[in-house]
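Asks:
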Amino acid sequence: KITDLKPGEKISKKISDRLGSMYGIAFATENGIYAWYENLSKPRKIFDLERGKFRRKRITGLALVEGKLVFSTGREIYQVENPQEPLITSDRSLQALAQSGDSLVGAEERKIWIKKKGRDQQTTIFLEKKVTALASVPVYKLKEL
194 KITDLKPGEK ISKKISDRLG SMYGIAFATE NGIYAWYENL SKPRKIFDLE RGKFRRKRIT
254 GLALVEGKLV FSTGREIYQV ENPQEPLITS DRSLQALAQS GDSLVGAEER KIWIKKKGRD
314 QQTTIFLEKK VTALASVPVY KLKEL
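Quick note on the working numbering: the sequence shown kicks off at 194 and runs consecutively.
1) Could you check what DSSP says for residue 207 in three-state terms: helix, strand or coil?
2) Contact between the region 246-264 and the region 317-328 is defined here as three or more beta-carbon pairs at a separation below 8 Å; is this criterion met?
3) What residue range is occupied by the uninterrupted alpha helix (DSSP H) comprising residue 320?
4) Cα separation between residue 338 and residue 202?
5) At the level of alpha carbons, what is the spacing between residue 219 and residue 262?
6) Rounded to a whole number of angstroms, what is the C-alpha to C-alpha distance between residue 224 and residue 300?
7) With a threshold of 8 Å between beta carbons, is residue 332 in contact with chain B?
8) By Cβ distance below 7 Å, which residues in the same chain neighbour residue 296 in space, the five residues on each side in sequence not counted?
9) According to DSSP, simplified to helix, strand and coil, what is residue 242?
10) Per DSSP, which one or two residues make a beta bridge with residue 275?
11) Got a sec, what are the start and stop residues for the alpha helix (DSSP H) residue 144 sits in?
12) Alpha carbon to alpha carbon, how far is residue 232 from residue 315?
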């Protein structure tokens with residue numbers, strides 16, 4: 194359920210406002226890539242690092258590029274949905290803070306914090322594994338993965 198509608202309200206504006214305020218993140222730990230978004234009780238694994246050619250690899254960056262979630266391991270950049278061949282081989286790895294909706298997202302060693310713009314409160318997600326990368330991803334994209 195995205196929002197409650199009342200008679201006379203503009204449906205498109207109400208939905209647009211609600212979607213704009215929702216936030217979701219993709220983050221990497223030592224064992225995979227996870228998705229988390231508002232109203233999800235715990236992070237959901239969307240990519241497993243414990244099997245195949247990515248075993249023992251460390252994800253150093255995540256980004257949403259042209260609607261696709263990509264990750265870097267050392268110098269190579271792969272697409273989550275199709276990781277067989279690297280998209281790009283680079284000299285440098287990627288890590289950064291991210292913006293998700295109207296929120297600022299940051300990662301510390303074993304926690305991720307999300308601070309909504311204009312509010313003093315923040316959401317904190319504590320993790321058992323170290324965070325190795327973080328990306329802001331629209332909720333609808335995370336649900337598709």
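Glycine is no exception: its CB is placed at the ideal position from the N, C-alpha and C atoms.
Replies: This is what the structure holds:
1) Indexing the sequence shown from 1 puts residue 207 at position 14. DSSP places residue 207 in helix when its eight states are reduced to three.
2) Because the criterion of three Cβ pairs below 8 Å is met, the region 246-264 and the region 317-328 touch.
3) As a working mapping, residue 320 is identified with position 127 in the sequence shown. It is not in any alpha helix (DSSP H) - residue 320 carries neither H nor E in the DSSP assignment.
4) Numbered from its first residue, the sequence shown carries residue 338 at position 145. Numbered from its first residue, the sequence shown carries residue 202 at position 9. One C-alpha to the other measures close to 33 Å.
5) Here the question's residue 219 lines up with position 26 in the sequence shown. Here the question's residue 262 lines up with position 69 in the sequence shown. Going from the Cα of residue 219 to the Cα of residue 262 covers about 9 Å.
6) Your numbering for residue 224 matches position 31 in the sequence shown. Your numbering for residue 300 matches position 107 in the sequence shown. One C-alpha to the other measures close to 16 Å.
7) Checking the listed chains, one finds no chain B in this structure; it contains a single protein chain.
8) Here residue 296 refers to the residue found at position 103 of the sequence shown. Within the same chain, and ignoring the five residues on either side of residue 296 in sequence, the residues whose Cβ sits closer than 7 Å to its Cβ are 216, 307, 308, 309, 310.
9) Against the sequence shown, residue 242 aligns to sequence position 49. Residue 242: coil per DSSP, three-state reduction.
10) Residue 275 sits at position 82 when you count from the first residue of the sequence shown. DSSP output for residue 275 lists 272 as bridge partner(s).
11) Past the boundaries of the shown model lies residue 144; the chain is included only from 194 to 338, so the question cannot be answered.
12) Translated into positions along the sequence shown, residue 232 becomes position 39. Translated into positions along the sequence shown, residue 315 becomes position 122. In a straight line, the C-alpha of residue 232 is about 15 Å away from that of residue 315.
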